[in-house]
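Chemist: Dropping a structure here in structure tokens format, bear with me for questions.
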Amino acid sequence: MTDTAAPYAATLELLERLVAFPTVSAESNLDLIDFADTHLIGTGFQTHRLPDPSGRKAGLLARLGPAGPGGVLLSAHSDVVPVEGQHWTRAPFQLTREGGRLYGRGTTDMKGYLASMLSLAARAAKQPPGRPLMLAISYDEEVGCAGIREMLPGYRVLGWQPEICIVGEPTAMRPATGHKGKAAFVATCHGSAGHSSLAPRYVNALHIAAEFIGALRRLQDDYATSTARDTGYDVPYSTVHAGRMQGGTALNIVPDHARIEFELRHLPGDKPDNFLSRLRQEADRILSPFRARDKTADIKIEITNSYPGLEIAPRHEAVRRVARVSGSHETIKVTYGTEAGYFAQLGIPTVVCGPGDMEGQGHKPDEYITMEQLGGCDRMMDRLLMQLSASPAFA
Numbered sequence: 001m002t003d004t005a006a007p008y009a010a011t012l013e014l015l016e017r018l019v020a021f022p023t024v025s026a027e028s029n030l031d032l033i034d035f036a037d038t039h040l041i042g043t044g045f046q047t048h049r050l051p052d053p054s055g056r057k058a059g060l061l062a063r064l065g066p067a068g069p070g071g072v073l074l075s076a077h078s079d080v081v082p083v084e085g086q087h088w089t090r091a092p093f094q095l096t097r098e099g100g101r102l103y104g105r106g107t108t109d110m111k112g113y114l115a116s117m118l119s120l121a122a123r124a125a126k127q128p129p130g131r132p133l134m135l136a137i138s139y140d141e142e143v144g145c146a147g148i149r150e151m152l153p154g155y156r157v158l159g160w161q162p163e164i165c166i167v168g169e170p171t172a173m174r175p176a177t178g179h180k181g182k183a184a185f186v187a188t189c190h191g192s193a194g195h196s197s198l199a200p201r202y203v204n205a206l207h208i209a210a211e212f213i214g215a216l217r218r219l220q221d222d223y224a225t226s227t228a229r230d231t232g233y234d235v236p237y238s239t240v241h242a243g244r245m246q247g248g249t250a251l252n253i254v255p256d257h258a259r260i261e262f263e264l265r266h267l268p269g270d271k272p273d274n275f276l277s278r279l280r281q282e283a284d285r286i287l288s289p290f291r292a293r294d295k296t297a298d299i300k301i302e303i304t305n306s307y308p309g310l311e312i313a314p315r316h317e318a319v320r321r322v323a324r325v326s327g328s329h330e331t332i333k334v335t336y337g338t339e340a341g342y343f344a345q346l347g348i349p350t351v352v353c354g355p356g357d358m359e360g361q362g363h364k365p366d367e368y369i370t371m372e373q374l375g376g377c378d379r380m381m382d383r384l385l386m387q388l389s390a391s392p393a394f395a
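Taking the UniProt record's numbering, I'd label the letters of the sequence shown as residues 1 to 395.
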């Protein structure tokens, strides 16, 4: 089944408003949250604002319908990636309609889905559903799903128990049943400084760092040859990536420090704690000959951010339900991370499904979403509302 109907006029109007808020992760999202909060209260939803520790950002939870368990939770993030350094031919924070495309930062990732959520809220208010309809709007998703992690205590206090959660990241309206988790790390290598003419007398922190990167490559080789594989991903195993190394102050000074930023993107079954344990063993092995020359030589490893992966069986009833309302029975797994793993950890069956294409449209200059995809999302929302209204249980 393919949806070709145009999006609702209300959805387009909402998307225009949402794109106009320049909610890059480094900036405040409060203007957007104020707008969404006012909109939802006006449609009869009960809302709960969850400020971040700085007070510059906030998440929003909203609910319509009877008290008690059940119903559906729809989840979107409000932040977008920067536009600096990209060549845009259209104003990034102004919705531009050309042919069948809607241009603007965040149209695909993921204000199109958010606009469809808010449009659904207005329709739901005219005939409140028999089962709860819940909405979650987060912040700082683009910087490692940091916002939803801060929102979880406030969510738990509410005691909501939806039967299913749909996280609307761009999947071209296909139900996504999994994505890898991520852990980001920093390793700081400590050596001893001295004049380069006497370099052999000192411990060069860059040499320690080079050995450490070699260890990362060995661990990557182990993952690549492991039997733990999932062919649903383009790269079917966990991956280790070193993205940045800094060290030293001048050519004629033996560097006493070096810093390596690296990450693990892991299959849900591969645990970051196991990776870290093996990496610490490698670090001890690397340091042994350096400490024979200087006992202060060291490698300190810290986790700077992480988020869980997602894994739900393709035949799970929640996946079948999303397939019915989305109009697509093709299930996929996505290469990028989402907030879905956090909802799954709360015991909520969670599926990723939303309009747009991350690979072809997200995070790019002249980001766009097609009218067809946004219209398909509106049709999905209509089917959700019909199910919540027609039955005492989501079916």
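Glycine is no exception: its CB is placed at the ideal position from the N, C-alpha and C atoms.
1. According to DSSP, simplified to helix, strand and coil, what is Ser288?
2. By the 10 Å Cβ neighbour count, where 16 or more other Cβ atoms means buried, how is Val157 classified, buried or exposed?
3. Excluding the 5 residues flanking Phe35 on each side, which residues of the same chain have their C-beta closer than 6 Å to its C-beta?
4. According to DSSP, His190 sits in a beta bridge with which residue or residues?
5. Just the C-alpha distance for Leu385 and Ala58, rounded to the nearest angstrom, thanks.
6. Give me, in chain order, the residues of the same chain whose beta-carbon lies closer than 6 Å to that of Pro69; leave out the 5 immediate sequence neighbours on both sides.
7. Roughly how many whole angstroms lie between the Cα atoms of Ala20 and Asp270?
8. Excluding five sequence neighbours on each side, which residues of the same chain lie with their C-beta closer than 6 Å to the C-beta of Ala6?
9. Please confirm whether Tyr139 and Asn29 have their CB atoms less than 8 Å apart.
10. Please check the pair Glu263 and Cys145, which I expect to be a contact at CB under 8 Å, by giving their CB distance rounded to whole angstroms.
11. Just mark Met110 as buried or exposed, buried being the case when its beta carbon has 16 or more other beta carbons within 10 Å.
12. Taking Arg293 as the reference, which of Pro129, Phe185 and Pro200 has the closest Cα?
13. Hey, quick one: how far does the alpha helix (DSSP H) through Gln345 stretch, first residue to last?
14. Please identify the residue among Leu216, Met358 and Gly181 whose C-alpha is closest to the C-alpha of Gln281.
15. Take Pro170 as the anchor and find which of Ser25, Lys333 and Gly347 has the nearest alpha-carbon.
16. Identify, in the order they occur along the chain, each residue of the same chain with its Cβ nearer than 7 Å to the Cβ of Met1, setting aside the five sequence neighbours on each side.
17. Can you tell me which of Gly232, Thr239 and Ile208 puts its alpha carbon nearest to the alpha carbon of Asp222?
18. Taking DSSP as the reference, what is the three-state secondary structure of Gly154?
19. To the nearest angstrom, report how far apart Ala183 and Ala121 are at their CA atoms.
20. Whole-angstrom Cβ separation of Ser60 and Asp37, contact assumed at under 8 Å?
Modeler: In short:
1. In the sequence shown, the residue the question calls residue 288 occupies position 288. Three-state DSSP puts Ser288 in a helix.
2. By 1-based counting over the sequence shown, the position of residue 157 is 157. By the 10 Å Cβ count, Val157 comes out exposed.
3. For the purposes of this step, residue 35 is identified with residue 35 of the sequence shown, where counting begins at 1. Answer for Phe35: no residue qualifies.
4. In the sequence shown, residue 190 corresponds to position 190, counting from 1. His190 pairs with His257 and Asp298.
5. By 1-based counting over the sequence shown, the position of residue 385 is 385. By 1-based counting over the sequence shown, the position of residue 58 is 58. Cα to Cα, Leu385 sits roughly 27 Å from Ala58.
6. Taking the sequence shown and counting its residues from 1, the one referred to as residue 69 is at position 69. Around Pro69: Gln161.
7. Within the sequence shown, the letter at position 20 stands for residue 20. Within the sequence shown, the letter at position 270 stands for residue 270. Each residue's Cα considered, the two are about 40 Å apart.
8. Within the sequence shown, the letter at position 6 stands for residue 6. Once the five neighbours on either side are set aside, the close Cβ partners of Ala6 are Met371 and Gly375.
9. In the sequence shown, the residue the question calls residue 139 occupies position 139. In the sequence shown, the residue the question calls residue 29 occupies position 29. Cβ atoms of Tyr139 and Asn29: closer than 8 Å.
10. Taking the first residue of the sequence shown as position 1, residue 263 is located at position 263. Taking the first residue of the sequence shown as position 1, residue 145 is located at position 145. Incorrect: roughly 14 Å between the Cβ atoms, too far for contact.
11. Taking the sequence shown and counting its residues from 1, one reaches residue 110 at position 110. Met110 is buried by the Cβ-count criterion.
12. Numbered from 1 along the sequence shown, position 293 holds the residue referred to as residue 293. Taking only the C-alpha atoms, the option nearest Arg293 is Pro200.
13. By 1-based counting over the sequence shown, the position of residue 345 is 345. Where Gln345 is concerned, the enclosing alpha helix (DSSP H) stretches over Ala340 to Gln345.
14. Residue 281 sits at position 281 when you count from the first residue of the sequence shown. Checked all of Leu216, Met358 and Gly181; the closest Cα to Gln281 is Leu216.
15. Counted from its first residue, the sequence shown places residue 170 at position 170. Comparing Cα-Cα distances from Pro170 to each of Ser25, Lys333 and Gly347, the minimum goes to Lys333.
16. As a position in the sequence shown, residue 1 is number 1, starting the count at 1. In this prediction, Met1 scores a pLDDT of 44, lower than 50, which makes its location untrustworthy; the coordinate-derived value is nonetheless stated afterwards. Within the same chain, Met1 has close Cβ partners Gly327.
17. As a working note, residue 222 is residue 222 in the sequence shown. Minimum Cα distance to Asp222 is reached at Thr239.
18. Here residue 154 refers to the residue found at position 154 when the sequence shown is read from its first residue. DSSP places Gly154 in helix when its eight states are reduced to three.
19. Within the sequence shown, the letter at position 183 stands for residue 183. Within the sequence shown, the letter at position 121 stands for residue 121. About 35 Å.
20. The residue labelled residue 60 in the question sits at position 60 within the sequence shown. The residue labelled residue 37 in the question sits at position 37 within the sequence shown. The sequence given here has Leu at residue 60, not Ser. About 6 Å separates the two Cβ atoms, so the contact holds.
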